[in-house]
Amino acid sequence: MALNPTQATGDDATPEPRFLGHPIGLSFLFATEMWERFSYYGMRALLVLYMVDYLLRPERAGEVMGLAALRAGFETLSGPIDVQPLASRIYGLYSGLVYLTPVIGGALADRWLGRRRTVAVGAALMVAGHFLMASERFFLLALLLLILGNGAFKPNIVTQVGGLYANGDARRDRAYSIFYVGINIGAFFSPLVCGTLGEALGWHYGFASAGIGMLIGLVIYSLGLSRLPPDAILSSARTTPRDSAGAKPALLGLALLFIPSALFWAAYEQQGNTIALWAEHATDRSINLLFWRGEIPVTWFQAFNPLMIFLFTPPLVAWWARRARSSREPATVDKLTLGCFGLSLAYLVLATAAWSTGGVGASWLWLLAYFVVITIAELYFSPIGLSLVASMAPEGSKSLIMGVWMMTSFVGNFSAGWLGGYWSSLSSQNFFLLVASIAAIAGLMLGAARRPLQVLLSRG
């Protein structure tokens with residue numbers, strides 16, 4: 001992460017500082033997002049375990065403001081639900097709304113507040129939400145603040161990455177890969193810090209450490225404001241006929257991508273939900289190495305995926321670059337399709353584990369294999385989607401269209417909560433086969449839509 005000066009373009013110009021060959025603003029966005037993801041994944045590593053093992057138990061559930069009404073709403077749709085399905089649906093509702101509110105946050109930034117101010121407001125709301133998690137009574141209010149804060153924060157910091165580069169700058173895709181590594185550095189350390197504090201000292205210590213991480217992110221963002229892309233004049237950010245025409249191919253492409261992307265996230269987001277329960281109740285977590293003998297903490301499994309993200313990203317990007325030189329790099333839509341089939345394979349790994357062990361005492365190495373496969377699948381899907389949307393959206397609607405893309409994650413995460421509710425009623429093997437089938441259907445849909453998608457994306 002060393003900063004390297006580059007040559008100035010004019011004789012009297014001061015050389016601009018650089019970050020890995022990119023504008024220095026990328027380093028501030030990288031660090032801000034890293035700490036925001038630290039807070040998000042730290043809280044997520046504890047959330048389902050906290051609800052199932054503590055908060056939603058009959059002796060405490062009555063203390064949570066608004067919980068009775070929320071539970072009644074769920075039960076109107078599906079009948080009486082026990083603790084685990086209720087926790088799964090709350091998790092799905094929370095993680096889903098986290099990806100719905102960016103539509104509002106993107107519109108606010110594009111039309112009224114500007115991206116910088118909207119990011120700062122979102123970060124402040126998330127700081128408040130994380131610290132409010134320390135109060136059991138205000139648990140649902142804390143989740144609401146986190147949802148609203150993320151909606152303001154997420155689409156605008158992502159589009160600011162693209163705003164550092166002129167149109168056609170070949171570094172843009174690489175910048176998103178670097179940015180994605182920052183996301184996963186934060187996601188890697190958060191289960192180790194927040195998860196360990198929550199399991200060893202108490203739930204609220206874990207949630208408080210997530211709040212401290214978000215506060216650090218807000219401070220870093222404030223210090224880097226002068227290095228970030230300037231906001232457009234607010235009145236000129238209103239949609240023009242030219243912007244609307246430019247947005248049409250992007251929106252049509254998103255319409256074709258919407259359902260398969262939502263299915264991808266419905267399967268993928270079992271990681272923080274039913275996979276945590278599989279690790280807690282069905283996995284032999286004992287480890288016997290020269291330097292460590294004991295049990296792997298449940299929350300530490302949530303660090304496997306982000307660790308592999310920044311281990312696998314450099315060789316995968318280098319491999320794509322080598323294939324590009326011989327014109328054999330997979331097209332964008334093909335990468336997304338391969339990501340879906342890879343996700344299906346990851347759940348087939350766990351279905352095999354459940355079949356071979358009867359769903360009890362499976363070696364933690366099965367989970368390691370699952371995370372290897374799901375990480376490669378994610379790298380073929382998630383950063384590719386971000387770069388695709390940022391590059392094809394017109395300037396006056398970038399944040400709004402990024403918010404629309406994130407709506408696929410809303411539907412997927414919300415569906416993941418309902419899907420996870422079947423964990424208690426299906427065998428582990430059948431549950432994992434169900435999730436694998438959903439991911440495979442997403443891949444088939446993308447394969448079927450390949451040609452029209454490529455036409456629309458080229459027009460965008």
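Residue numbers (this note's numbering): 1 to 460. Note that beta-carbon positions come from the ideal geometry of N, C-alpha and C, so glycine has one too.
Give me the residue from the options with the minimum Cα distance to residue i.
i, options, result
"Ile296", "Gly105, Arg227 and Ala276", "Ala276"
"Tyr94", "Ala166, Gly272 and Pro230", "Gly272"
"Ser202", "Glu59, Leu49 and Ala436", "Inspection of the sequence shows that residue 202 is occupied by Gly rather than by Ser. It is Leu49 whose Cα lies nearest to the Cα of Gly202."
"Phe316", "Glu378, Cys340 and Ser261", "Rather than Phe, the amino acid found at residue 316 in this sequence is Leu. Closest by alpha carbon: Glu378."
"Glu136", "Trp265, Ser425, Arg60 and Leu252", "Arg60"
"Ser356", "Thr299, Phe138, Ser428 and Asn288", "Ser428"
"Leu223", "Asp82, Ala31 and Trp319", "Ala31"
"Val219", "Val127, Ile441, Ser363 and Phe74", "Val127"
"Ile287", "Ala393, Trp364, Leu446 and Ile401", "Trp364"
"Leu125", "Leu141, Arg115 and Gly114", "Leu141"
"Val121", "Arg111, Phe414 and Leu145", "Leu145"
"Ile183", "Leu289, Gly217 and Asp169", "Gly217"
"Gly385", "Leu290, Trp320 and Ser409", "Ser409"
"Tyr221", "Ala354, Met51, Arg322 and Ala123", "Ala123"
"Leu215", "Ala331, Arg285 and Glu33", "Glu33"
"Tyr41", "Ala321, Val193 and Tyr54", "Val193"
"Arg44", "Ile24, Ala166, Gly79 and Thr274", "Thr274"
"Ala440", "Trp265, Pro58 and Leu225", "Trp265"
"Phe28", "Pro394, Tyr370, Arg227 and Arg325", "Arg227"
"Phe139", "Val158, Tyr54, Glu199 and Gly79", "Tyr54"
"Ser415", "Gln270, Glu199, Arg57 and Ile147", "Gln270"
Locate the alpha helix (DSSP H) running through residue i, then write down its first and last residues.
i, result
"Asn305", "Phe304 to Arg325"
"Ser344", "Thr332 to Thr357"
"Gly122", "Arg115 to Leu132"
"Trp112", "Segment: none, Trp112 is in no alpha helix (DSSP H) and carries neither H nor E."
"Phe38", "Gly25 to Tyr50"
"Pro58", "Pro58 to Ala61"
"Arg280", "The question names Arg, yet the displayed sequence has Glu at residue 280. Run containing Glu280: Thr274 to His281, per the alpha helix (DSSP H) assignment."
"Val435", "Ser428 to Ala448"
"Leu144", "Phe139 to Gly163"
"Ile220", "Trp203 to Leu223"
"Gln84", "Val83 to Leu97"
"Ala166", "Looking at the DSSP string, Ala166 is not in any alpha helix (DSSP H), and its letter there is neither H nor E."
"Ser226", "Careful: Ser226 lies outside any alpha helix (DSSP H) and carries neither H nor E."
"Phe462", "The question about residue 462 has no answer, for the chain in this structure spans 1 to 460."
"Ala200", "Thr196 to Ala200"
Can you check whether the CB of residue j is closer than 8 angstroms to the CB of residue i?
i, j, result
"Ala175", "Leu46", "no"
"Tyr268", "Lys335", "no"
"Glu342", "Gly92", "For the record, residue 342 in the displayed sequence is Gly; it is not Glu. No, these two residues do not count as a Cβ contact at 8 angstroms."
"Ile178", "His22", "yes"
"Gln84", "Trp423", "yes"
"Phe312", "Ile374", "no"
"Met407", "Tyr180", "no"
"Gly412", "Ala250", "no"
"Ile185", "Phe310", "yes"
"Leu254", "Val372", "no"
"Gly213", "Gly417", "no"
"Arg111", "Asp231", "no"
"Gly168", "Pro229", "no"
"Leu86", "Leu56", "yes"
Can you give me the Cβ contacts of residue i inside the same chain, cut-off strictly under 7 angstroms, excluding the 5 residues immediately before and after it?
i, result
"Phe301", "Ala279 and Leu367"
"Thr118", "Gly105, Leu108, Ala109, Ala152 and Asn156"
"Ala436", "Ser344, Tyr347, Leu348 and Ala351"
"Pro260", "Cys340, Ala442, Met445 and Leu446"
"Val333", "Leu446, Arg450, Leu453 and Gln454"
"Gly359", "Ala282, Ser427, Ser428 and Gln429"
"Leu225", "Arg116"
"Ala13", "With a pLDDT of 44 at Ala13, under the threshold of 50, the predicted position of this residue should be treated as unreliable, and no value is reported."
First and last residue of the beta strand (DSSP E) that includes residue i?
i, result
"Asn288", "Ser286 to Asn288"
"Glu329", "Counting along the chain, Glu329 falls outside any beta strand (DSSP E), and DSSP gives it neither H nor E."
"Gly294", "Arg293 to Glu295"
Among residues of its own chain, excluding the 5 on either side of residue i, which ones have a beta-carbon nearer than 8 angstroms to its beta-carbon?
i, result
"Leu256", "Ala449, Pro452, Leu453 and Leu456"
"Ile81", "Arg71, Phe74, Glu75, Arg89 and Gly421"
"Glu63", "Glu136 and Arg137"
"Val389", "Ala250, Leu254, Ile401, Met402 and Trp405"
"Arg171", "Gly21, His22 and Tyr165"
For residue i, which residues in the same chain have their Cβ closer than 6 angstroms to its Cβ, ignoring the five residues on either side in sequence?
i, result
"Val298", "Ala279 and Glu280"
"Leu20", "none"
"Ala353", "Ala362 and Trp366"
State whether the stretch 59-72 contacts the stretch 22-38, with contact taken as three or more CB pairs (one from each stretch) at a distance under 8 angstroms. no
Check whether the stretch 207-214 and the stretch 118-133 touch, using three or more Cβ-Cβ pairs below 8 angstroms as the test. yes
Within 8 angstroms, do at least three Cβ pairs link the stretch 99-115 to the stretch 132-151? yes
Practice problem: Please determine if the stretch 188-203 and the stretch 303-310 are in contact, where contact requires at least 3 C-beta pairs separated by less than 8 angstroms. | Solution: yes
Touch test, the stretch 427-436 against the stretch 340-356, Cβ-Cβ under 8 angstroms, three pairs minimum
yes
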